[in-house]
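Asks: Here UniProt numbering is used: the first residue of the sequence shown is 1, the next is one more, and so on.
No residue lacks a Cβ here, since even glycine has one placed at the ideal position from N, Cα and C.
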Amino acid sequence: MDKIVVGIDGSETARRALEWAAAEARLRGARLVVVHAWQQPAAALMSPYAPLLADPGSLAETARQTLTDTLKAADLSGLASEPEQLVVQGAAASALIDAAENSLLLVVGSRGRGGVAGLLLGSVSRQVAHESTVPVVIIPPTATASDAQTRERDG
Ligand SMILES: Nc1ncnc2c1ncn2[C@@H]1O[C@H](COP(=O)(O)OP(=O)(O)OP(=O)(O)O)[C@@H](O)[C@H]1O
Ligand SMILES: [Mg+2]
Numbered sequence: 001m002d003k004i005v006v007g008i009d010g011s012e013t014a015r016r017a018l019e020w021a022a023a024e025a026r027l028r029g030a031r032l033v034v035v036h037a038w039q040q041p042a043a044a045l046m047s048p049y050a051p052l053l054a055d056p057g058s059l060a061e062t063a064r065q066t067l068t069d070t071l072k073a074a075d076l077s078g079l080a081s082e083p084e085q086l087v088v089q090g091a092a093a094s095a096l097i098d099a100a101e102n103s104l105l106l107v108v109g110s111r112g113r114g115g116v117a118g119l120l121l122g123s124v125s126r127q128v129a130h131e132s133t134v135p136v137v138i139i140p141p142t143a144t145a146s147d148a149q150t151r152e153r154d155g
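(1) Does DSSP put Arg-67 in a helix, a strand or coil?
(2) If you compare alpha carbons, which of Gly-7, Asp-2, Met-1 is closest to Val-128?
(3) Assign Val-112 to buried or exposed, taking buried as 16 or more other Cβ atoms, counted over all protein chains shown, within 10 Å of its Cβ.
(4) For Ala-80 versus Gly-29, is the C-beta spacing smaller than 8 Å?
(5) Just reading off the alpha helix (DSSP H) that Arg-16 is part of, what are its end residues?
(6) Three or more C-beta pairs closer than 8 Å, one from the segment 83 to 102 and one from the segment 4 to 23: is that the case here?
(7) Name the residue from Asp-55, Pro-41, Leu-105, Ala-43 whose alpha carbon lies nearest to the alpha carbon of Ile-139.
(8) If we ignore side chains and look at the alpha-carbon of each, how far apart do Arg-153 and Leu-32 end up?
(9) Flag this pair as yes or no: are the beta carbons of Ser-125 and Ser-146 separated by less than 8 Å?
(10) Out of curiosity, what's the CA-to-CA distance linking Ala-93 and Val-137?
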């Protein structure tokens, strides 16, 4: 079965990207794979307090929780199969590009949680747009599902 991959980081823009990806998965009868990548903060690794600041167990737990919370907050009704959840330790853009191998589409938000206000694209969406080998869809913060997507959901 074809799959659509979407990256989430806990932001509202990523939640919208997830809903757009879900609508597209409905339309195409594809599987939906929801990916969240997490990393040890570099600053914490260099600190003498590293064990306190960046316990890998609790970082992984937070990452799983981020994924669960985002899935709960999104409209994922009417999918052909349950969305697959993927929590990956590593850099977000490469994690997304790897997960999206052989997929129909890779979907990301234009911006995420971090970053410098005013930039059009965050570093993850920018890197993905440059390096992905599958088509990339970048969802701006104000986007809603297309008419065709909505018709498909509402029948
Ligand atoms: N850790 C992550 N795991 C999975 N997907 C992610 C992750 N971080 C970002 N994304 C995806 O990339 C989109 C854009 O986020 P990005 O990180 O590029 O913007 P930003 O946080 O505003 O800027 P920056 O991180 O460069 O400071 C998000 O909406 C989400 O779809
Ligand atoms: Mg970010």
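Replies: Straight from the coordinates:
(1) The residue asked about is misnamed: residue 67 is Leu in this sequence, not Arg. Reduced to three states, the DSSP call for Leu-67 is helix.
(2) Gly-7
(3) Checking the displayed sequence, the identity of residue 112 turns out to be Gly instead of Val. Buried: at least 16 other Cβ atoms inside 10 Å.
(4) Yes, they are a contact pair.
(5) 12 to 28
(6) Segments in contact, yes.
(7) Leu-105
(8) CA-to-CA, the gap between Arg-153 and Leu-32 works out to about 15 Å.
(9) no
(10) Their backbone Cα atoms lie some 14 Å apart in a straight line.
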